[in-house]
Amino acid sequence: MGADIQFESPREEGGEPVADLVVHGRGLGPAQVDPEEVPSLIDEVPVLCVAAAMAEGRTEIRGAAELRVKESDRIGAMVKELSTLGVSCGEYPDGLWVKGPARITGGQRVESYGDHRIAMSLMVLSAASGVPVKMSDTACIATSFPGFPGMLQEVTR
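Listed below in structure tokens is the structure:
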């Protein structure tokens, strides 16, 4: 998507590889996520859709049919809620496309579907666009990141 990302201090924590990221932003560009890339980022696809909504051009994600059977149908949910907020997007049986940059329309009510990743992604979209979004059931975020709303508020000040 065009950002300059550097990994510093790579290490392992809790059996998982981690690192400190230094990101130098520039205008985001579109991405083509191919089926062989999806397994390593399957849980990040909802927030990748948010980045795509802010990027210049059309991002496509294919080979992600597994997202239809997670806590929710994440493909259908993201397309519906992004569309509600004014984002040009659509779905395939195994993925979706998002065309940005979007002009986010505020004041809309969106659904989280009780899915913590959908909820957090839509909160990021609201923060990134500066447009308030009303959402049902944000309590589901506690499933994976109870402090997320507060942390998001801190980093966007």
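Everything in the sequence shown is counted per this note's numbering, starting at 9 for the first residue and increasing by one.
Each residue gets a CB set at the ideal place from its N, CA and C atoms; glycine is no exception.
The alpha helix (DSSP H) runs of length 4 or more contained entirely in the stretch 100 to 140 are, from start to end of the chain, 124 to 137.
Its Cα nearest to that of residue 34, the residue 13 stands out among 13, 20 and 53. DSSP places residue 15 in the uninterrupted beta strand (DSSP E) bounded by 12 to 21. Residue nearest to residue 132 within the set 101, 20, 71 and 90 is 90 (criterion: CA-CA distance). Leaving aside the five residues that flank residue 46 on each side, the residues in its chain whose CB is nearer than 6 Å to its CB run, in chain order, 71 and 72.
If one requires a minimum length of 3 residues, the beta strand (DSSP E) runs lying completely within the stretch 50 to 97 are 65 to 69, in chain order.
With a 10 Å radius around the Cβ and a threshold of 16 neighbouring Cβ atoms, residue 141 comes out buried. Taking 9 Å as the cut-off, the beta carbon of residue 120 is found closer than this to the beta carbon of residue 148. For residue 45, there is no enclosing alpha helix (DSSP H), as DSSP gives it neither H nor E. Nearest to residue 25 by C-alpha distance, out of 17, 153 and 31, is 17. For residue 25, the uninterrupted beta strand (DSSP E) segment begins and ends at 24 to 32. Here residue 118 is near residue 93, since their CB atoms are less than 9 Å apart. The continuous alpha helix (DSSP H) containing residue 160 extends over residues 156 to 163. Per DSSP, residue 9 has no beta bridge partner at all. Counting only residues of its own chain and dropping the five nearest sequence neighbours on each side, residue 74 has a CB closer than 7 Å to the CB of 50.
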